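Taking it in order: structure first as structure tokens, then the write-up.
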Amino acid sequence: MKNIPYARQALSDDDIQAVMEILRSDFLTQGPVIERFEKAVAAYCGAQYAVAVNSATSALHIACLAAGLRPGGLLWTSPNTFVASANCALYCGADVDFVDIDDRTYNMSPEKLADKLKQAIRRGKLPDIIIPVHFAGQSCHMEEIAAMAKKHGITVIEDASHAIGGRYKNNPIGSCDYADMTVFSFHPVKIITTGEGGMVLTNREELYRKLLLLRSHGITRDPVQMKGAPHGGWYYEQTTLGYNYRITDIQAALGLSQLTKLDRFIARRTEIALKYNLELAELPLILPWQHPDCQSAWHLYVVRVNAKKTRKSRIEVFDALRASGIGVNVHYIPVHTQPYYRQYGFKWGDFPESESYYREAISLPMYYLLDTEDQKYVIDTLRRVLM
Ligand SMILES: *Cc1c(COP(=O)(O)O)cnc(C)c1O
Numbered sequence: 006m007k008n009i010p011y012a013r014q015a016l017s018d019d020d021i022q023a024v025m026e027i028l029r030s031d032f033l034t035q036g037p038v039i040e041r042f043e044k045a046v047a048a049y050c051g052a053q054y055a056v057a058v059n060s061a062t063s064a065l066h067i068a069c070l071a072a073g074l075r076p077g078g079l080l081w082t083s084p085n086t087f088v089a090s091a092n093c094a095l096y097c098g099a100d101v102d103f104v105d106i107d108d109r110t111y112n113m114s115p116e117k118l119a120d121k122l123k124q125a126i127r128r129g130k131l132p133d134i135i136i137p138v139h140f141a142g143q144s145c146h147m148e149e150i151a152a153m154a155k156k157h158g159i160t161v162i163e164d165a166s167h168a169i170g171g172r173y174k175n176n177p178i179g180s181c182d183y184a185d186m187t188v189f190s191f192h193p194v195k196i197i198t199t200g201e202g203g204m205v206l207t208n209r210e211e212l213y214r215k216l217l218l219l220r221s222h223g224i225t226r227d228p229v230q231m232k233g234a235p236h237g238g239w240y241y242e243q244t245t246l247g248y249n250y251r252i253t254d255i256q257a258a259l260g261l262s263q264l265t266k267l268d269r270f271i272a273r274r275t276e277i278a279l280k281y282n283l284e285l286a287e288l289p290l291i292l293p294w295q296h297p298d299c300q301s302a303w304h305l306y307v308v309r310v311n312a313k314k315t316r317k318s319r320i321e322v323f324d325a326l327r328a329s330g331i332g333v334n335v336h337y338i339p340v341h342t343q344p345y346y347r348q349y350g351f352k353w354g355d356f357p358e359s360e361s362y363y364r365e366a367i368s369l370p371m372y373y374l375l376d377t378e379d380q381k382y383v384i385d386t387l388r389r390v391l392m
């Protein structure tokens, strides 16, 4: 029986060697490798600054805090995302609302954002932060989103948890050309991994300084940033309320090693996507659509079971694939329909495009180490199930 997951990490001997070196070194955490990892990712993306943390969830939290999100504030994101993209607002005591998705990219729709902004102006309550999510690795229409945000003084944080290695208008995602900050995730199902880990990138120095403080208890050892004179060589100051969101040197070493393979990872994922596109074209499925401005990082390959063309329901297809040893998944249950979010008044029907997408979506196996034979098995099984 096959056992093919929908996603998994790709580690090799050099990754393991990189981690072993740290285990034998002086610093397991707060050492020099973290900054090397940050500089390498920032250089890859063409961003000025990067702050590595222990998860993308932590990254989103401190990005919101650095942007000044407070109780009474408001954050908008996509309903078609992992709950963390919305939870970060609640951590800050702020409110969350959603902007429905585009029916082809499954990303936040710029048209719906424009409409919602008009309504918000009429009601006199604009969001402080917008978090567009680059779903499946394909960038949102950042130029349009950034233009609207700028006009109204709204901070933009890209949730690029799916999208390191992807490109938008020929620039790497993470360059922050159209955002105040960009967040990556290094969870093992994502494009590159540190076990757990995340990063915030920015081109704004004042945000960078705040992010560094928030990552580690709000403590500084830099006399320039202190409110008072140092008492001596031991002196540090807590100047704000921060957290322990630090990543370890062990993880950063793994991340540095993984980063050297990022382009290879993306090339192989793209090859897998093109093969699916070709082989699944005749089936009653809606395949992922790519905007010409975007080169996806292909974190996910999502098909929609086209109810108009087949009598098979999504759940029948899903169950048949799972029964054949294929670890398909569904991304995402719209966040506003989660029980926790319904207490804020959200309900089914609020964001219909993300809901109809959700009812049809299945994520097929997509990862660097998915071999040709296993992909053929996935394709053949889908054919059998749908024909
Ligand atoms: C994975 C993911 C996160 C959270 O990442 P962690 O590193 O696991 O905290 C946030 N947003 C999106 C869109 C994700 O896919």
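Be aware that the sequence shown starts at 6, since it is given in our numbering, and climbs by one per residue.
All residues carry an ideal CB built from backbone N, CA and C; glycine is no exception.
Bear in mind the structure is a predicted one, so any value in this text is a computation, not a measurement.
When rounded, the separation of the alpha-carbon atoms in residue 95 and residue 320 is 32 Å.
Taking 8 Å as the cut-off, the beta carbon of residue 260 is found closer than this to the beta carbon of residue 199. In the three-state reduction of the DSSP assignment, residue 260 falls in the helix class, which pools H, G and I. Taken through DSSP and simplified to helix, strand or coil, residue 163 comes out as strand.
Given a length threshold of 4 residues, each whole run of the alpha helix (DSSP H) inside the segment 296-367 is given here in chain order: 319-328, 344-347, 357-365. Looking from the CA of residue 154, the closest CA among 16, 81, 77, 279 belongs to 81. As a beta-bridge residue in DSSP terms, residue 173 pairs with 176, 299.
In the structure shown, residue 243 falls within a strand segment according to DSSP collapsed to helix, strand and coil.
The Cβ-Cβ distance between residue 271 and residue 380 does not fall below 8 Å. Given a length threshold of 4 residues, each whole run of the alpha helix (DSSP H) inside the segment 35-103 is given here in chain order: 38-50, 61-71, 89-96. Just so you know, the alpha carbons of residue 53 and residue 330 end up roughly 44 Å apart. Nearest in C-alpha terms to residue 86, of all of 338, 212, 312, is 338. Not one heavy atom of ligand 1 lies closer than 7 Å to the C-beta of residue 329. Taken atom to atom, the span from the alpha-carbon of residue 88 to that of residue 97 is near 15 Å. Under the Cβ criterion (8 Å, minimum of three pairs), the segment 105-114 counts as touching the segment 341-361. Under the three-pair Cβ rule at 8 Å, the segment 64-76 counts as touching the segment 167-186. The closest heavy atom of ligand 1 lies less than 7 Å from the beta carbon of residue 89.
Looking at the backbone, the Cα of residue 250 and that of residue 40 are separated by about 15 Å. The secondary-structure analysis by DSSP pairs residue 189 across a beta bridge with 204.
Among the bridge pairs identified by DSSP, residue 138 is matched with 164. By the 16-neighbour rule on beta-carbons within 10 angstroms, residue 386 is buried. In this structure, DSSP gives residue 249 an extended state, which the three-state scheme calls strand. Residue pairing from DSSP places residue 221 in a beta bridge opposite 249.
A contact is defined here as three or more CB-CB pairs under 8 Å, and the segment 299-311 meets this definition with respect to the segment 160-177.
Residue nearest to residue 135 within the set 312, 141, 104, 144 is 104 (criterion: CA-CA distance). Within 10 angstroms of the beta-carbon of residue 25 lie fewer than 16 other beta-carbons, which makes it exposed. DSSP, reduced to helix, strand and coil, places residue 392 outside both helices and strands of the structure shown, so it counts as coil.
Nearest to residue 7 by C-alpha distance, out of 370, 190, 172, 243, is 370. Here the C-alpha atom of residue 196 lies approximately 41 Å from the C-alpha atom of residue 232. The distance from the Cβ of residue 305 to that of residue 141 is about 4 Å, consistent with a contact at the 8 Å cut-off.
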